[in-house]
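Undergrad:
2 protein chains.
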Amino acid sequence: MTKATSPTAGVIIIGNEILSGRTKDENLPYLAKALCEHGIPVREAHIIPDLEEVIVATVNAVRERCTYVFTTGGIGPTHDDITAASIAKAFGVPFIRHPEAAATLEAYYGDDINTARMRMADLPQDATLIPNPVSAAPGFRIGNVHVLAGVPRIMQAMFDGIVHTLTGGPPVLSRAVSATAREGDIAETLRTIQASYPSVDLGSYPFGLGNRIGTCIVGRTTDPTLLDDAMNTIAEMFQELGFTPSDTDPMATR
Amino acid sequence: MTKATSPTAGVIIIGNEILSGRTKDENLPYLAKALCEHGIPVREAHIIPDLEEVIVATVNAVRERCTYVFTTGGIGPTHDDITAASIAKAFGVPFIRHPEAAATLEAYYGDDINTARMRMADLPQDATLIPNPVSAAPGFRIGNVHVLAGVPRIMQAMFDGIVHTLTGGPPVLSRAVSATAREGDIAETLRTIQASYPSVDLGSYPFGLGNRIGTCIVGRTTDPTLLDDAMNTIAEMFQELGFTPSDTDPMATR
Numbered sequence: 003m004t005k006a007t008s009p010t011a012g013v014i015i016i017g018n019e020i021l022s023g024r025t026k027d028e029n030l031p032y033l034a035k036a037l038c039e040h041g042i043p044v045r046e047a048h049i050i051p052d053l054e055e056v057i058v059a060t061v062n063a064v065r066e067r068c069t070y071v072f073t074t075g076g077i078g079p080t081h082d083d084i085t086a087a088s089i090a091k092a093f094g095v096p097f098i099r100h101p102e103a104a105a106t107l108e109a110y111y112g113d114d115i116n117t118a119r120m121r122m123a124d125l126p127q128d129a130t131l132i133p134n135p136v137s138a139a140p141g142f143r144i145g146n147v148h149v150l151a152g153v154p155r156i157m158q159a160m161f162d163g164i165v166h167t168l169t170g171g172p173p174v175l176s177r178a179v180s181a182t183a184r185e186g187d188i189a190e191t192l193r194t195i196q197a198s199y200p201s202v203d204l205g206s207y208p209f210g211l212g213n214r215i216g217t218c219i220v221g222r223t224t225d226p227t228l229l230d231d232a233m234n235t236i237a238e239m240f241q242e243l244g245f246t247p248s249d250t251d252p253m254a255t256r
Numbered sequence: 003m004t005k006a007t008s009p010t011a012g013v014i015i016i017g018n019e020i021l022s023g024r025t026k027d028e029n030l031p032y033l034a035k036a037l038c039e040h041g042i043p044v045r046e047a048h049i050i051p052d053l054e055e056v057i058v059a060t061v062n063a064v065r066e067r068c069t070y071v072f073t074t075g076g077i078g079p080t081h082d083d084i085t086a087a088s089i090a091k092a093f094g095v096p097f098i099r100h101p102e103a104a105a106t107l108e109a110y111y112g113d114d115i116n117t118a119r120m121r122m123a124d125l126p127q128d129a130t131l132i133p134n135p136v137s138a139a140p141g142f143r144i145g146n147v148h149v150l151a152g153v154p155r156i157m158q159a160m161f162d163g164i165v166h167t168l169t170g171g172p173p174v175l176s177r178a179v180s181a182t183a184r185e186g187d188i189a190e191t192l193r194t195i196q197a198s199y200p201s202v203d204l205g206s207y208p209f210g211l212g213n214r215i216g217t218c219i220v221g222r223t224t225d226p227t228l229l230d231d232a233m234n235t236i237a238e239m240f241q242e243l244g245f246t247p248s249d250t251d252p253m254a255t256r
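Order-wise, the sequence lines are chains A and B.
Letter 22 of the first sequence, counting from 1, is numbered 24 in the numbering used here, and no numbers are missing.
Letter 102 of the second sequence, counting from 1, is numbered 104 in the numbering used here, and no numbers are missing.
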């Protein structure tokens with residue numbers, strides 16, 4: 003894969019706790035939605051352990067393929083927080099104490115500052131700070147890689163503070179049409195409709211809510227006219243097959 | 003990375019709906035926990051789009067690195083269900099109608115059988131069926147790759163039906179000790195404890211529940227005696243620093 007002309011994003015979730023099932027990741031859904039709205043669709047996401055060699059290899063592969071990379075996790079004060087040092091290694095730059103980050107941490111912690119907390123000011127050389135309005139310890143950007151916290155509330159605050167620095171393409175629009183038809187009832191017609199709208203990405207998702215079983219078709223494209231045409235055609239398809247279409251997505255995350 | 007002597011798993015979540023943020027993945031947490039208990043820790047997970055070239059490349063990379071691979075998603079009857087055909091391509095084998103799968107689908111759907119539904123019987127040559135007790139359309143295994151449904155209820159039923167076929171190592175045990183200490187308060191001592199127990203993976207996770215802020219240390223290892231020793235040492239650390247340790251993980255998923 004090579005870099006596309008439209009901007010793309012890759013997400014790297016770093017943390018043993020996600021791979022063990024102890025923690026359910028909430029950061030990918032947030033980043034995916036926000037980046038889509040900003041016209042930077044997420045093309046790949048990886049969940050990797052707190053292991054330097056894996057972090058280095060994954061970051062270096064994804065930053066080649068995607069316009070923007072976002073990592074979450076591993077930037078706290080404990081021994082298992084090795085993201086910043088690993089990113090320095092990935093970029094082949096020294097890992098040094100950042101004066102501005104150090105000053106921010108000293109001001110925030112006051113008398114509670116200590117060796118472990120100061121370690122959160124050690125960053126790759128020439129990294130640009132990403133402010134942390136929640137708990138002071140900064141994220142950072144180096145090249146096209148944005149290194150964010152793992153705690154969702156902090157990650158979101160960091161991301162919201164830097165989203166204006168990202169150059170997005172046209173926003174990816176989406177529209178859903180659902181009905182109590184089973185996927186197999188509509189699959190052939192839907193295939194024909196997809197062929198007529200090659201630049202609209204039509205996804206078909208079965209749902210089951212109590213006794214109500216059905217299918218939701220989600221269309222995604224940057225072209226609002228094409229999206230409306232395609233989704234109106236989907237609604238007509240449901241009607242012609244004897245189902246009542248609805249403009250809702252029963253399974254969409256809130 | 004090469005295959006480790008202890009069995010490992012890689013998980014590949016296939017679906018545009020996860021990368022767009024429309025759907026929150028629930029399959030990785032389930033697989034991660036179940037595989038850990040079976041002594042097959044998940045070492046990497048990837049979330050990829052419904053694109054043949056990406057599925058082929060990811061499956062071929064992960065099946066080299068991990069003892070077992072599990073994919074979820076993309077095995078339904080619609081045009082965007084391209085997982086089975088892509089896996090055939092990854093293995094370089096013909097994509098053919100599987101007689102047993104065809105018979106199962108015909109029996110299940112009766113008069114409702116049609117071209118789209120029959121397509122779910124098209125599998126890589128020599129694939130072994132993974133039964134679907136919920137809705138008939140099977141998953142399958144080829145080599146070390148297990149291809150499961152994306153709908154969590156169906157994925158879980160498929161996985162539960164084949165877990166006995168996997169050769170696990172000793173189960174990965176975990177124990178949590180938490181207290182209302184902040185990570186920076188304990189980081190230095192914790193680093194020393196981790197150095198004393200190199201074969202216990204100690205993860206440090208901050209939590210915030212209302213006004214209660216603290217840190218949960220999760221230890222993971224296959225050795226029950228070492229785990230108890232390490233976690234008792236963590237509990238003593240909290241006490242010596244003036245915090246009351248608890249044997250609970252306030253942020254664990256249920």
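Backbone N, C-alpha and C define an ideal beta-carbon position, used for all residues, glycine too.
State the Cα-Cα distance for the pair A/Val-165 and A/Arg-99, rounded to the nearest angstrom.
TA: 26 Å
Undergrad: Using alpha carbons as the reference points, say which of B/Thr-191, B/Ser-180, B/Gly-171 lies closest to A/Thr-80.
TA: B/Thr-191
Undergrad: Taking the alpha carbon of B/Gln-241 as the point to measure from, which residue in B/Asp-187, B/Asp-162, B/Asp-251 has its own alpha carbon closest?
TA: B/Asp-187
Undergrad: Taking DSSP as the reference, what is the three-state secondary structure of A/Ile-84?
TA: coil
Undergrad: Look at the alpha carbon of A/Leu-21 and the alpha carbon of B/Asn-29, and state the distance between them as a whole number of angstroms.
TA: 11 Å
Undergrad: Nearest by alpha-carbon distance to B/Ile-156: which of A/Phe-209, A/Glu-39, A/Phe-93 is it?
TA: A/Phe-209
Undergrad: So, A/Ala-123 versus A/Ile-144, is the Cβ gap smaller than 8 Å?
TA: No.
Undergrad: Taking B/Pro-226 as part of the alpha helix (DSSP H), name the residues at either end of that continuous run.
TA: 226-242
Undergrad: Between the C-alpha atoms of A/Ile-77 and B/Phe-161, what's the straight-line distance to the nearest angstrom?
TA: 35 Å
Undergrad: Below 8 Å between beta carbons: does that hold for B/Ala-151 and B/Pro-247?
TA: Not a contact, by the Cβ cut-off of 8 Å.
Undergrad: Could you tell me whether the region 102-114 of chain B touches the region 167-176 of chain B, where touching means 3 or more Cβ pairs closer than 8 Å?
TA: no
Undergrad: Would B/His-100 pass as an interface residue toward chain A - the criterion being a Cβ-Cβ separation below 8 Å?
TA: no
Undergrad: Is there a Cβ from chain B that is less than 8 Å from the Cβ of A/Ala-6?
TA: Its pLDDT being 45, under 50, A/Ala-6 is placed unreliably in this model, and the value from its coordinates should be taken loosely. No - not a single Cβ of chain B is within 8 Å of the one on A/Ala-6.
Undergrad: Restricting to Cα atoms, I'd like to know which of A/Gly-12, A/Thr-25, A/Ser-8 is closest to B/Ser-206.
TA: A/Thr-25
Undergrad: Does A/Asn-18 come within less than 8 Å of chain B when only Cβ atoms are used?
TA: yes
Undergrad: So which residues of chain B does A/Ile-164 contact, with C-beta pairs closer than 9 Å?
TA: For A/Ile-164, there are no C-beta contacts with chain B under 9 Å, since the nearest C-beta of that chain is about 18 Å from it.
Undergrad: Check whether the Cβ atoms of B/Tyr-70 and B/Leu-168 sit closer than 8 Å, and answer yes or no.
TA: yes
Undergrad: With burial defined as no fewer than 16 other Cβ atoms inside 10 Å of the residue's Cβ, what is the status of B/Ser-198: buried or exposed?
TA: exposed
Undergrad: Can you give me the Cβ contacts of A/Cys-68 inside the same chain, cut-off strictly under 8 Å, excluding the 5 residues immediately before and after it?
TA: So the list reads Lys-5, Thr-10, Ala-11, Gly-12, Arg-45, Glu-46, Asn-146, once near-sequence residues are dropped.
Undergrad: Just the chain B side, please: which residues come within less than 9 Å of A/Asn-116 by C-beta, in chain order?
TA: Gly-186, Asp-187, Ala-189, Glu-190
Undergrad: Among all the DSSP beta bridges, which residues are the ones paired with A/His-48?
TA: A/Ile-14, B/His-48
Undergrad: So for B/Ser-198, helix, strand or coil by DSSP?
TA: helix
Undergrad: Would you mind sorting A/Pro-101 into buried or exposed? The rule is 16 or more other CB atoms within 10 Å of its CB.
TA: The residue is exposed, with fewer than 16 neighbouring Cβ atoms inside 10 Å.
Undergrad: Of the residues that make up the region 225-240 of chain B, which ones have a beta carbon closer than 7 Å to any beta carbon in chain A?
TA: none
Undergrad: Can a CB atom of chain A be found closer than 8 Å to the CB of B/Glu-242?
TA: no
Undergrad: Output, in chain order, the set of chain B residues within a Cβ distance shorter than 7 Å of A/Asp-203.
TA: Asn-18
Undergrad: Tell me the DSSP secondary structure of B/His-148 in three-state form.
TA: Three-state result, B/His-148: strand.
Undergrad: Would you mind telling me which residues of chain B sit closer than 8 Å to A/His-148, beta carbon to beta carbon, in chain order?
TA: In chain order: nothing, as chain B lies at least about 17 Å away.
Undergrad: Where B/Gly-216 and A/Pro-140 are concerned, what is the direct C-alpha to C-alpha distance, given to the nearest angstrom?
TA: In a straight line, the C-alpha of B/Gly-216 is about 20 Å away from that of A/Pro-140.
Undergrad: Per DSSP, which one or two residues make a beta bridge with A/Tyr-70?
TA: A/Ala-11
Undergrad: By DSSP, does B/Gly-75 sit in helix, in strand, or in coil?
TA: coil
Undergrad: Work out the CA separation of B/Ser-137 and A/Ile-219 for me, nearest whole Å.
TA: 20 Å
Undergrad: For the region 12-41 of chain B, which residues have a CB atom closer than 9 Å to at least one CB atom of chain A, in sequence order?
TA: Val-13, Ile-15, Gly-17, Asn-18, Glu-19, Ile-20, Leu-21, Ser-22, Gly-23, Arg-24, Thr-25, Lys-26, Asp-27, Glu-28, Leu-30, Pro-31, Tyr-32, Leu-33, Ala-34, Lys-35, Ala-36, Leu-37, Cys-38
Undergrad: Within 10 angstroms of the Cβ of A/Asn-234, are there 16 or more other Cβ atoms? Answer buried if so, exposed if not.
TA: exposed
Undergrad: Measure the Cβ-Cβ separation of A/Val-149 and A/Phe-142 and say whether it is below 8 Å.
TA: yes
Undergrad: Applying the criterion that 16 or more other CB atoms from any shown protein chain within 10 Å of the CB defines a buried residue, is A/Ser-201 buried or exposed?
TA: exposed
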